[in-house]
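Report on the structure given below.
In the working numbering, the protein residues as written are 246 to 608.
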């Protein structure tokens, strides 16, 4: 249901336009990129693609080793060539390459860190070197890109990545991540190296009408039914949040024998809230009282947080406290700003919060 975004991202990547995809977590960035890469793989055999999830990588060394390994694997469909390519294209640094019983899954690559730290440029330029030699192109997708900021010496890494990658003619990068505020700062801040690195796609929510069609078809394809009015309650309740719309729809589908009604909607919503309740409880336990109070103001739809009336009503403290707490809640991806209005990033958390703190009936 993201036809426009799919076409744009595919066109960008095939035409050598580096692209950054930014949106809150669980809005479908990874699914979009995976769909586009799958389409490219089916149609263009001269373009080699790879997706690396950076979230589990804890150091610059792990990143560079993983980067080199995945580039070498993507360079050929024949595992026999991986060893040859690793030895041929890495001139300044000697990689330790090994294959297990199942080469596809048991291919490992590592470096001596002293050598690696002196020859980072060769690793980062590896896809360009291979692409020129083999007359191919690379599309490299890096998920959770903002995670690199947790590495020691990130500022130097950031400058080096930009300096090397921007000169590459045969490699295109797709960078995306779930920490919207961090991604925005990395790519929209004029003082940062990755400013104007490429096209920035701000991923919107999928429209309600498309969700309704998607849900109705899903029920129909499995021998069940749900009318459009009932189906509409699912995306509307979850504010078109991709992850929760699909989770909520699955709960409703699971409870439905033949036709879904508002009864299944109500029970499914309560089940979804109950399933996530322990997580939400922990989230409010680790924030300060004034942060909790600011969250109450956000969920109640307040807009002027530093007005005397609002600060007194919600016990927000001073304007300085409001500014500091707002920044903390944004950084933790608890709230975000959409069209000059602050709201919860997680719509199900907001529903749970209303039940717990305002005693509202959300069913």
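Note that the Cβ used here is the ideal one computed from N, Cα and C, for glycine as well. Fair warning: this is a prediction, and the values are worked out from it, not measured in the lab.
- The three-state reading of DSSP puts residue 446 in strand, counting E and B together.
- The stretch 317 to 328 and the stretch 266 to 283 do not touch, with fewer than 3 CB-CB distances between them shorter than 8 Å.
- In the DSSP annotation of this structure, residue 418 is not part of any alpha helix (DSSP H); the continuous beta strand (DSSP E) holding it starts and ends at 416 to 422.
- About 6 Å separates the beta carbons of residue 354 and residue 310, which is inside the 8 Å limit, making them a contact pair.
- Within the DSSP secondary-structure output, residue 266 pairs in a beta bridge with 421, 446.
- The beta-carbon distance between residue 361 and residue 338, rounded to whole angstroms, is 6 Å. This is short enough to meet the 8 Å contact definition.
- DSSP places residue 436 outside any beta strand (DSSP E), giving it a letter other than H or E.
- The beta carbon of residue 402 sits closer than 7 Å to those of 305, 393, 396, all from its chain and outside the five residues before and after it, given in chain order.
- If one requires a minimum length of 4 residues, the alpha helix (DSSP H) runs lying completely within the stretch 448 to 515 are 453 to 466, 473 to 482, 487 to 500, in chain order.
- A contact is defined here as three or more CB-CB pairs under 8 Å, and the stretch 535 to 542 meets this definition with respect to the stretch 557 to 574.
- Pairwise C-beta distances place the stretch 255 to 275 in contact with the stretch 409 to 422, as three or more of them are shorter than 8 Å.
- Between residue 286 and residue 492, the alpha-carbon positions lie close to 29 Å from each other.
- Bounds of the beta strand (DSSP E) holding residue 586 are 586 to 589.
- Looking at the backbone, the Cα of residue 456 and that of residue 480 are separated by about 7 Å.
- Taking the C-beta atoms as reference points, residue 391 is found nearer than 8 Å to residue 428.
- For residue 571, no pairing in a beta bridge is given by DSSP.
- A contact between stretches requires three or more CB pairs, one per stretch, nearer than 8 Å, and the stretch 483 to 501 meets this requirement with the stretch 580 to 593.
- In this structure, residue 496 sits near residue 513, with a CB-CB distance shorter than 8 Å.
- The Cβ atoms of residue 253 and residue 320 lie no closer than 8 Å to each other.
- Boundaries for residue 578: no alpha helix (DSSP H) harbours it, and the DSSP string shows neither H nor E there.
- Between residue 373 and residue 332, the gap from beta carbon to beta carbon reaches 8 Å or more.
- In this model, residue 548 and residue 528 are separated by some 23 Å (Cα to Cα).
- For the set 450, 557, 499, the Cα lying nearest the Cα of residue 248 is the one of 450.
- Taken through DSSP and simplified to helix, strand or coil, residue 522 comes out as helix.
- In the structure shown, residue 396 adopts coil according to DSSP, grouped into three states.
- Beta-carbon to beta-carbon, residue 555 and residue 504 are separated by about 46 Å, too far to satisfy the 8 Å threshold.
- Counted as a single uninterrupted DSSP element, the alpha helix (DSSP H) harbouring residue 284 occupies residues 274 to 288.
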